[in-house]
Amino acid sequence: MQSLWMIVASLLFACMGVCVKLGSARFTTGELVFYRGLVGFVMMFGLLRLQGLSCTTPHWRLQLSRGVSGTIALMCYFFALGILPLATAVTLNYTSPLFVALLLACWFQEHVGKHLFAAVALGFIGVVLLLQPTLDPEQWAGALGGLGSGLIASLAYLNVRALGRVGEPEARTVLWFSLITAACGLPWALASGSANTVGFKDAAILLGVGGFGGCAQLAMTRAYRYGKTIVSANLAYTTVIFSSLFGVALWDERLPWTSILAILIIIASGVWVSMASRKPTAPLESD
Numbered sequence: 154m155q156s157l158w159m160i161v162a163s164l165l166f167a168c169m170g171v172c173v174k175l176g177s178a179r180f181t182t183g184e185l186v187f188y189r190g191l192v193g194f195v196m197m198f199g200l201l202r203l204q205g206l207s208c209t210t211p212h213w214r215l216q217l218s219r220g221v222s223g224t225i226a227l228m229c230y231f232f233a234l235g236i237l238p239l240a241t242a243v244t245l246n247y248t249s250p251l252f253v254a255l256l257l258a259c260w261f262q263e264h265v266g267k268h269l270f271a272a273v274a275l276g277f278i279g280v281v282l283l284l285q286p287t288l289d290p291e292q293w294a295g296a297l298g299g300l301g302s303g304l305i306a307s308l309a310y311l312n313v314r315a316l317g318r319v320g321e322p323e324a325r326t327v328l329w330f331s332l333i334t335a336a337c338g339l340p341w342a343l344a345s346g347s348a349n350t351v352g353f354k355d356a357a358i359l360l361g362v363g364g365f366g367g368c369a370q371l372a373m374t375r376a377y378r379y380g381k382t383i384v385s386a387n388l389a390y391t392t393v394i395f396s397s398l399f400g401v402a403l404w405d406e407r408l409p410w411t412s413i414l415a416i417l418i419i420i421a422s423g424v425w426v427s428m429a430s431r432k433p434t435a436p437l438e439s440d
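In structure tokens, the structure reads:
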């Protein structure tokens, strides 16, 4: 059942990606980020009230660091989704475990084995293979955005790990992340001039961006809390599979065999990273 929760989370994250890609033709990245944060904040506020927990936090510095880094990563990810094929953008975003491993080894001086470095190297070989043969020149900005989202998200994940170690409830962490996301996206949304002209179809897309993302985080949290961390982390890569299917069904995206091979390499390296670093840590949250 816990594995099923992780698969449900992956499907919901893929649905969020579909809504972002649909909304990118109508809204700016800032507007999408704002509504993602706003809907998520309302959901988490209600959840904390139901749980009888306070919204205030004694660890505001960690929450601020997690929120800012997560918001920047989210902006990069949403930007990439508007330019790249869905599966490509999602795969680049899921390079974050590779960057986490590098940061733990190089910045935090944590001991990692040879297998972990080999897994990271394999992952970046997959990234090079994914980018080099398949992207048009106008897509490189999106590629850099997608890769940047993976890099910056790794910083957010390390803050999530620290928050988990000091006992911060997951819903409160998501609440503060959503609040900071909405606050950062609001000026961009207002500057675009289209925030006041949201029709029914647009509202459905925006609710999908925030609703699918919020529900996915809840399902993922349940999977990590009650299931095996290694299994949950590896099943998270089913998001790439769901995204690939959505891309084919909705936009007739046909990836060449080199891209499919690269995606499989990146997924394999992510699984290898999680298997090579079995030291228990707090669950990582996706944007």
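154 is the number of the first residue of the sequence shown in this note's numbering; add one for each residue after it.
Virtual Cβ for every residue (Gly too), placed ideally from N, Cα, C.
Measuring alpha carbon to alpha carbon, tell me which residue in the options is nearest residue i.
i, options, result
"Leu414", "Tyr310, Thr244 and Met196", "Thr244"
"Phe180", "Ile160, Trp341, Ala389 and Val192", "Trp341"
"Val186", "Val281, Leu339 and Gly352", "Leu339"
"Ser397", "Glu184, Leu239 and Ser302", "Leu239"
"Glu184", "Pro290, Val351 and Arg375", "Val351"
"Ser177", "Leu234, Trp410, Ala294 and Ala271", "Leu234"
"Ala123", "Leu206, Ser207, Ser222 and Leu297", "Because the chain spans 154 through 440 in this model, residue 123 falls outside it and cannot be assessed."
"Ser156", "Thr248, Lys354, Phe270 and Thr374", "Thr374"
"Val161", "Gln370, Asn246, Trp410 and Gln292", "Gln370"
"Pro409", "Ser222, Pro290, Ser249 and Leu284", "Leu284"
"Ile420", "Asn246, Cys208 and Asp289", "Asn246"
"Leu144", "Lys354, Ser249 and Ser222", "Residue numbering for the chain in the displayed model covers 154 to 440; residue 144 lies beyond these limits and cannot be assessed."
Taking 7 Å as the limit between beta carbons, can you name the residues of its chain near residue i, skipping five residues before and five after?
i, result
"Trp329", "Thr210, Gln216 and Gly220"
"Phe365", "Leu165, Cys168, Met169 and Cys172"
"Leu304", "Phe252"
"Ile418", "Leu275, Ile278, Gly279 and Leu282"
"Leu444", "Here the chain has residues from 154 to 440 only, and residue 444 is not among them."
"Ser163", "Leu388, Ala389, Thr391, Thr392 and Phe395"
"Gly400", "Pro238, Leu239, Ala240 and Glu406"
"Ala271", "none"
"Ile416", "Ala240, Thr244, Leu283 and Val393"
What is the residue span of the alpha helix (DSSP H) that residue i lies within?
i, result
"Tyr188", "Thr182 to Gln204"
"Gly299", "Trp293 to Arg318"
"Gly279", "Lys267 to Leu284"
"Pro340", "Glu323 to Ser345"
"Tyr230", "Trp213 to Leu234"
"Val243", "Leu239 to Asn246"
"Pro250", "Ser249 to Cys259"
Looking at residue i: is its Cβ nearer than 7 Å to the Cβ of residue j?
i, j, result
"Phe194", "Ala335", "yes"
"Leu237", "Gly276", "no"
"Ala309", "Ala226", "yes"
"Leu311", "Thr326", "no"
"Val362", "Tyr230", "no"
"Ile116", "Leu175", "Nothing about residue 116 can be reported from this structure: the residues present for the chain run from 154 to 440 only."
"Ala372", "Leu200", "no"
"Ala294", "Trp158", "no"
"Ser307", "Leu256", "yes"
"Ser331", "Met228", "no"
"Leu403", "Pro322", "no"
"Ala337", "Thr224", "Per the sequence presented here, residue 337 reads as Cys, with Ala not at that position. In this structure, Thr224 lies closer than 7 Å to Cys337 by Cβ."
By Cβ distance below 6 Å, which residues in the same chain neighbour residue i in space, the five residues on each side in sequence not counted?
i, result
"Gly320", "none"
"His268", "Ala429"
Keeping to the same chain, check which residues put their C-beta closer than 8 Å to that of residue i; ignore five residues upstream and five downstream.
i, result
"Val447", "The question about residue 447 has no answer, for the chain in this structure spans 154 to 440."
"His212", "Leu316, Val319 and Glu321"
"Ala356", "none"
"Gln292", "Ile236 and Leu237"
"Gln204", "Pro322 and Ala324"
"Cys208", "Phe198, Leu201, Arg325 and Leu328"
Subject >> Every unbroken alpha helix (DSSP H) within the segment 367-421, with a cutoff of 4 residues, ordered by chain >> reply: As summarised for the segment 367-421, the continuous alpha helix (DSSP H) elements at least 4 residues long and confined to that stretch are 382-388 and 391-404, given in chain order.
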